[in-house]
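Student: The structure follows.
Protein chains: 2
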Amino acid sequence: MTFTANTKKMTHETKNDCALIALDWGTSSLRCYRFDARGDVAERRAHPWGIMNLPAVEHGSDPDAPFRAALRAACGDWMDAAPAAPLIAAGMVGSKQGWREAPYLTVPLAPDRIGRKLTQVDTGLGRSLWIVPGLLQVSTLPNVMRGEETQVIGALQQWRDDELLIGLPGTHSKWVRVTNGRIQHFDTFMTGEVYGALSAHTILGRTMQKPDAPDDAAFARGARVAQSTEGQAGVLSNIFSSRTLGLTGELEAAAQPDYLSGLLIGHEIAALKTMTAIHRQRIVLIGDPGLCRRYRLALELYGMGPVSEAAQATEAGLWMLAQHAGLVA
Amino acid sequence: MTFTANTKKMTHETKNDCALIALDWGTSSLRCYRFDARGDVAERRAHPWGIMNLPAVEHGSDPDAPFRAALRAACGDWMDAAPAAPLIAAGMVGSKQGWREAPYLTVPLAPDRIGRKLTQVDTGLGRSLWIVPGLLQVSTLPNVMRGEETQVIGALQQWRDDELLIGLPGTHSKWVRVTNGRIQHFDTFMTGEVYGALSAHTILGRTMQKPDAPDDAAFARGARVAQSTEGQAGVLSNIFSSRTLGLTGELEAAAQPDYLSGLLIGHEIAALKTMTAIHRQRIVLIGDPGLCRRYRLALELYGMGPVSEAAQATEAGLWMLAQHAGLVA
């Protein structure tokens, strides 16, 4: 057997080595992972077919059709090549607007309970799709998450501190408190979405200029406001300073976006610190690296941490959930 | 002389009795007041010619031309009938984007100083326009106002308490502390504009329905959040409950707008209370009656007040400023 032939055979074997097809199916994107039997990601794909942006298909009367079409287009070849591989999905695909509603589980809970409560959907493609439930925190002001629970489970494979605070910065930041391996509590901050709305749809955006590079000094200046005397006036008042410091020549137009971002994130971290009894616990950040870097800066300003960052938490979480569900060994 | 003739004569005299033409010239509107010699408003007009919405005119190279055209169209007949009547204007017409920049005066200051620092503009219509300066509070996070200083002066004619807190709810709420007749300090809250941006441009708006009538119970429920344990999480977190209470069936779609409004205004009042040493001082509200009613509800929830409302504060302030300036007797 020649070297060339041998290589070909190995490639062919690798392609058929599919133990799990896993989906991170959110509002605006569909990310697909093909796992090998060792639980490693053999191949990954991203498509724009979030649940609010599904492919247009003919079967108007069948609400499942657009979901089926997206799944088929995204992973049909993987499914054909591995007829026995189970399918799992996390994210907004399990919401009321998704393929099938996967009822929330309430916290506190042990993370391995989540994988035992998947919602089974007949895809019409010869196998079931197993949808991960979101989490609900029942309280005076309730909180919900869908998708982030999977990332939390992924991060928990790597960090096993008795007290852990997991931060998922983004459009809606989530902060999850984990005690002795149990998900105890979580909070949501609409920081990212509020920043977007203020920048694009209020007077603050009119004096802003996009900087060429992130302005960490402006970010830190904004982030410190919440812990200053002026911070007592709160976010609704403090944000006006992005404009007035510009009017008085103390803050350049190109510094205003990062200043405002720091101001909001600083208020988020200050509130988090007020609510958190233990400040010197490990914090694990999951998310966009640029955004995680900013949150790390703000957390350090507020004397919180040590701060670590988790990579590929979604993939690790999907595999672990499939294990808890008994879909993979 | 018949009764009819006498009436006609009186009407004619009233029309010529013009001691002052005063303008409240803001971003989106131009309000005009013709005062008689007693300082009463004899006639009022409103036009949509705010400084960002001036009439289109031919004279492209003359930046004064659109302002002159608006003034001429709004009050030309008053000016023709009363060639000696002075012209005064307050509001954004004195900003960088206005007819002429009227430099800010810094607080603390005695209100009668404002009228002595008007900026004179040659209108090109045979008389000067006197523009009222805005106020600047120099501090770590500076604050500015233009137009509201005139309303404050108007309210100070009516209330002369040693300690007074004057609230001007609106797109940008202003809170002005007056001690022994001096304007000591003021704060700005972007509550109204943030409410608009959240309702129109974030996920919170998607589940909202406009109610048929103001829902005071939903408003009060939102307003109480800031003083509850959950309020510690701050505005950026609390606002998400407008959505999650909907998801859990605890807040109807039609109750969400007033709940969110209460939530924001409650955080504004809670911050104000934290910053204000004396809680049981008189509060005077100036602004839209519906909005003032909501602020009164929130202030009462937070044990602040007594609360009064000032009517026609702009008109009273413009007349008083013209007196301080020596434009009228």
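Protein sequence lines, in the order shown, are assigned to chains A and B.
With the first letter of the first sequence counted as 1, position 303 gets the number 303 in the working numbering; the numbers rise by one all the way through.
With the first letter of the second sequence counted as 1, position 83 gets the number 83 in the working numbering; the numbers rise by one all the way through.
Glycine included, C-beta positions come from ideal geometry on N, C-alpha and C.
Using beta carbons (cut-off 9 Å, strictly below), is Q232 (chain A) in contact with chain B?
Tutor: Q232 (chain A) counts as touching chain B.
Student: Since F35 (chain A) contacts A42 (chain A) with CB under 8 Å, what's their CB separation in whole angstroms?
Tutor: Sure, about 7 Å apart at Cβ, within 8 Å.
Student: Of all the options A:G124, A:Y104, A:G115, which has the alpha carbon lying nearest to the alpha carbon of M79 (chain A)?
Tutor: Among A:G124, A:Y104, A:G115, the Cα nearest to that of M79 (chain A) belongs to A:G124.
Student: At a threshold of 8 Å, does A218 (chain B) count as lining the ligand COA (C-beta to nearest heavy atom)?
Tutor: Ligands are entirely absent from the displayed structure, and the ligand COA is therefore not among its contents.
Student: Could you check where the beta strand (DSSP E) with H185 (chain A) kicks off and where it finishes?
Tutor: Where H185 (chain A) is concerned, the enclosing beta strand (DSSP E) stretches over 182-189.
Student: Could you check where the alpha helix (DSSP H) with Q137 (chain A) kicks off and where it finishes?
Tutor: First-last for Q137 (chain A): 135-137, but that is the beta strand (DSSP E), not the alpha helix (DSSP H).
Student: Can you confirm whether T119 (chain A), when its beta carbon is compared against all beta carbons of chain B, has any partner nearer than 9 Å?
Tutor: No, T119 (chain A) lies away from the interface with chain B (no Cβ there is under 9 Å from its Cβ).
Student: Determine the burial state of M52 (chain B): buried for a count of at least 16 other Cβ atoms within 10 Å of its Cβ, exposed for fewer.
Tutor: Classification for M52 (chain B): exposed.
Student: Closer than 8 Å, Cβ to Cβ, to anything on chain A: give me those residues from the segment 235-263 of chain B, in chain order.
Tutor: Within the segment 235-263 of chain B, the residues whose Cβ lies closer than 8 Å to some Cβ of chain A are V235, L236, S237, N238, I239, F240, S241, T244, L245, L247, T248, E250, listed in chain order.
Student: Between the Cα of L105 (chain A) and those of A:V144, A:G126, A:L301, A:T171, spot the shortest distance and give me the residue it belongs to.
Tutor: Among A:V144, A:G126, A:L301, A:T171, the Cα nearest to that of L105 (chain A) is on A:V144.
Student: Measure from the alpha carbon of H324 (chain A) to the alpha carbon of each residue in A:R116, A:L20, A:A89, then state which is nearest.
Tutor: Closest option to H324 (chain A), Cα to Cα, is A:R116.
Student: Report yes or no: is there a C-beta of chain A within less than 9 Å of the C-beta of I131 (chain B)?
Tutor: By this cut-off, I131 (chain B) is not an interface position.
Student: Taking the alpha carbon of A277 (chain A) as the reference point, which residue from A:R177, A:A310, A:L301 has its own alpha carbon closest?
Tutor: Closest option to A277 (chain A), Cα to Cα, is A:R177.
Student: With distance defined between alpha-carbon atoms, name the residue in A:C292, A:P55, A:L260 nearest to W175 (chain A).
Tutor: When only C-alpha atoms are compared, the closest one is A:C292.
Student: Whole angstroms is fine: what's the gap from G246 (chain A)'s alpha carbon to A217 (chain A)'s?
Tutor: Rounded to the nearest angstrom, the two C-alpha atoms are 16 Å apart.
Student: Roughly how many whole angstroms lie between the Cα atoms of S139 (chain A) and A89 (chain B)?
Tutor: So the alpha carbons of these two residues sit roughly 52 Å apart.
Student: Nearest-angstrom Cα distance between A226 (chain A) and V307 (chain A)?
Tutor: The alpha-carbon atoms of A226 (chain A) and V307 (chain A) are separated by roughly 20 Å.
Student: Quick check: the Cα distance between H267 (chain A) and F189 (chain A), rounded to an integer number of angstroms?
Tutor: The straight-line gap from Cα to Cα measures roughly 10 Å.
Student: Does chain B have any CB closer than 9 Å to the CB of T150 (chain A)?
Tutor: No, T150 (chain A) does not count as interfacial toward chain B.
Student: DSSP has Q120 (chain B) in a bridge; who is on the other side?
Tutor: The partner list for Q120 (chain B) (beta bridge, DSSP) reads B:W130.
Student: Pick from B:S199, B:I265, B:L164: whose alpha carbon is nearest that of A254 (chain B)?
Tutor: Closest by alpha carbon: B:S199.
Student: So which residues of chain A does N180 (chain B) contact, with C-beta pairs closer than 9 Å?
Tutor: Ordered by position in chain A, no residue passes the 9 Å Cβ test against N180 (chain B), which lies about 24 Å from the chain.
Student: By Cβ distance, which residues of its chain are closer than 6 Å to A110 (chain A), with the 5 residues on each side in sequence left out?
Tutor: Counting only Cβ-Cβ distances below 6 Å, and skipping sequence neighbours, we find R182.
Student: At a CB-CB cut-off below 7 Å, which residues of chain A make contact with V144 (chain B)?
Tutor: Chain A residues near V144 (chain B): T244, L247.
Student: For G205 (chain A), which residues from the same chain have a beta carbon less than 8 Å from its beta carbon, with the 5 sequence-adjacent residues on both sides left out?
Tutor: The residues are L198, S199.
Student: Tell me which same chain residues have a C-beta within less than 6 Å of the C-beta of S173 (chain B), skipping the five on either side of it?
Tutor: F189, T191, listed in sequence order.
Student: Between which two residues does the beta strand (DSSP E) containing K273 (chain A) stretch?
Tutor: Here K273 (chain A) belongs to no beta strand (DSSP E); instead the alpha helix (DSSP H) covers 256-275.
Student: List the endpoints of the continuous alpha helix (DSSP H) containing N238 (chain B).
Tutor: Run containing N238 (chain B): 235-238, per the alpha helix (DSSP H) assignment.
Student: Less than 9 Å between CB atoms is the rule here; does E268 (chain A) satisfy it with respect to chain B?
Tutor: Output row for E268 (chain A): interface = yes.
Student: Drop a sphere of 10 angstroms on the beta-carbon of E58 (chain A), count the other beta-carbons inside from all chains shown, and report buried for 16 or more, exposed for fewer.
Tutor: Exposed.
Student: Tell me the residue span of the alpha helix (DSSP H) that contains R177 (chain B).
Tutor: No alpha helix (DSSP H) holds R177 (chain B); the beta strand (DSSP E) holding it covers 173-179.
Student: I need the DSSP call for E230 (chain A), collapsed to helix, strand or coil.
Tutor: Looking at E230 (chain A) - three-state DSSP - the assignment turns out to be helix.
Student: Using Cβ-Cβ distances below 9 Å, what residues of the segment 184-218 of chain B are close to chain A?
Tutor: Result list: D187, T188, F189, M190, T191, E193, V194, G196, A197, L198, A200, H201, T202, I203, L204.
Student: Could you please give the first and the last residue of the uninterrupted alpha helix (DSSP H) stretch that includes M304 (chain A)?
Tutor: Looking at the DSSP string, M304 (chain A) is not in any alpha helix (DSSP H), and its letter there is neither H nor E.
Student: Secondary structure at D62 (chain B), three-state DSSP: helix, strand or coil?
Tutor: Reduced to three states, the DSSP call for D62 (chain B) is coil.
Student: Could you tell me the alpha carbon to alpha carbon distance between D122 (chain A) and Q151 (chain A), rounded to whole angstroms?
Tutor: Straight-line Cα distance between these residues: approximately 25 Å.
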